[in-house]
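Numbering (this note's numbering), first residue to last: 487 to 848.
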């Protein structure tokens, strides 16, 4: 091999590396737009069964059916949002009327009662806070920044909402839109394989997202019953938050449990710890664990097994790897991403035994 060939090879390799780096940098810069596209695509997949029902069973025009689907999604979103508004207002009023001294006394009493129950050393919470000179950590300089952040976040949210609705409208209206958009990246001889893979991905992910909605609804009902039985404040909203948090595999249920425990304690500050607060925490913990066992061994295997057709061990490893690489977004996107990889591998790499073994159920 002469020096010219070596030089050309080096230049080609450098060009490829630079091209990939520029592509990744570009994708990073437009990550928010990609997120809008992904959310819009997810909404179109979730709305696909409803679209088929409206257009095929009720014989609606395509555009009218799309509008009906989007109205249902928006009303659902607004219903969830309005559920939290009274709670936020109520908590704001409570914070504004709170007696700091009484709150400190209640927390100290609760801490001392819990310390006596578990036979550990007592302490005065108010004195501990005073000794830390906590006032030096507060400054009103953050108020303008907070207001700017809130206004900027609201503006970004409205732009994002409009973008998602716009993308979802056309994705629902033209079921081939995403498929044709991605088809430009495929070679002519691979178009049929690409079409088959995309159709299978669309079918599996549509069932998966609908299954997730069913999972959230079932968890919401069970959490609501649990919290209402023990008369926890804002039980419905808390149950909904905990159910939605379960969309984050493994980490979400832990956060939801911590939130339930925190609100159980703060909602019963004036009650006796050993006879009221602690037993209530124990009972809610037992109920929460039972609900999670039902979800893990009944709901999730049904959803994953019948929608994406993957073994629970495959799902666990995919979630673990994506979580390590990309954090919480990776946990959420792990199952759809792994499903897409499996389907594409079956179409383009079916000659390998490992691919045949992993995709035998697809």
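For glycine and all other residues, C-beta sits at the position ideal for the given N, C-alpha and C.
Contact check for residue 846 against residue 697 fails: the beta carbons are separated by 7 Å or more. Residues 695 of the same chain have their beta carbon placed closer than 7 Å to that of residue 528, with the five preceding and five following residues left out of the count. Collapsing the DSSP output to three states places residue 642 in a helix.
In this structure, residue 700 keeps its C-beta atom at 7 Å or more from the C-beta atom of residue 530. Secondary structure of residue 753 (DSSP, three-state): coil.
Annotated three-state conformation of residue 547 is coil, per DSSP. When C-alpha distances from residue 785 are compared across 708, 651 and 677, the shortest belongs to 708.
Approximately 7 Å separates the beta-carbon atoms of residue 724 and residue 746; this is inside 8 Å, confirming the contact. Taking C-beta separations shorter than 6 Å and ignoring five residues to either side along the sequence, residue 648 has no partners in its chain.
Exclusion of the five residues before and after residue 653 leaves 522, 523 and 526 as the residues of its chain whose Cβ lies within less than 7 Å of its Cβ.
Taking a C-beta distance under 7 Å as the contact criterion, residue 716 and residue 679 do not qualify as a contact pair. Cβ neighbours of residue 769 within its own chain (closer than 8 Å, five residues either side excluded): 716. Secondary structure within the region 726 to 753: the alpha helix (DSSP H) runs of 4 or more consecutive residues, fully enclosed, are 737 to 752 (chain order). Note that the C-beta distance between residue 726 and residue 742 is not below 7 Å. Restricting attention to 822, 817, 644 and 777, the CA atom closest to the CA of residue 795 is found in 822.
In the three-state reduction of the DSSP assignment, residue 846 falls in the coil class, being assigned neither a helical nor a strand state. Each of 517, 559, 566 and 728 was checked against the Cα of residue 534, and the nearest Cα belongs to 559. Only residues of its own chain outside the window of five on either side were considered, and among them 533, 536, 537, 540 and 658 have a CB closer than 8 Å to the CB of residue 555, listed in chain order.
The C-beta separation of residue 513 from residue 520 comes to about 7 Å, placing the pair in contact by the 8 Å criterion.
Counting C-beta atoms within 10 angstroms of its own C-beta, residue 750 has 16 or more neighbours from the protein chains shown and is therefore classed as buried. Residues of the same chain with a CB within less than 8 Å of the CB of residue 703, apart from the 5 flanking positions on each side, are 729 in chain order. The three-state reading of DSSP puts residue 682 in helix, counting H, G and I together.
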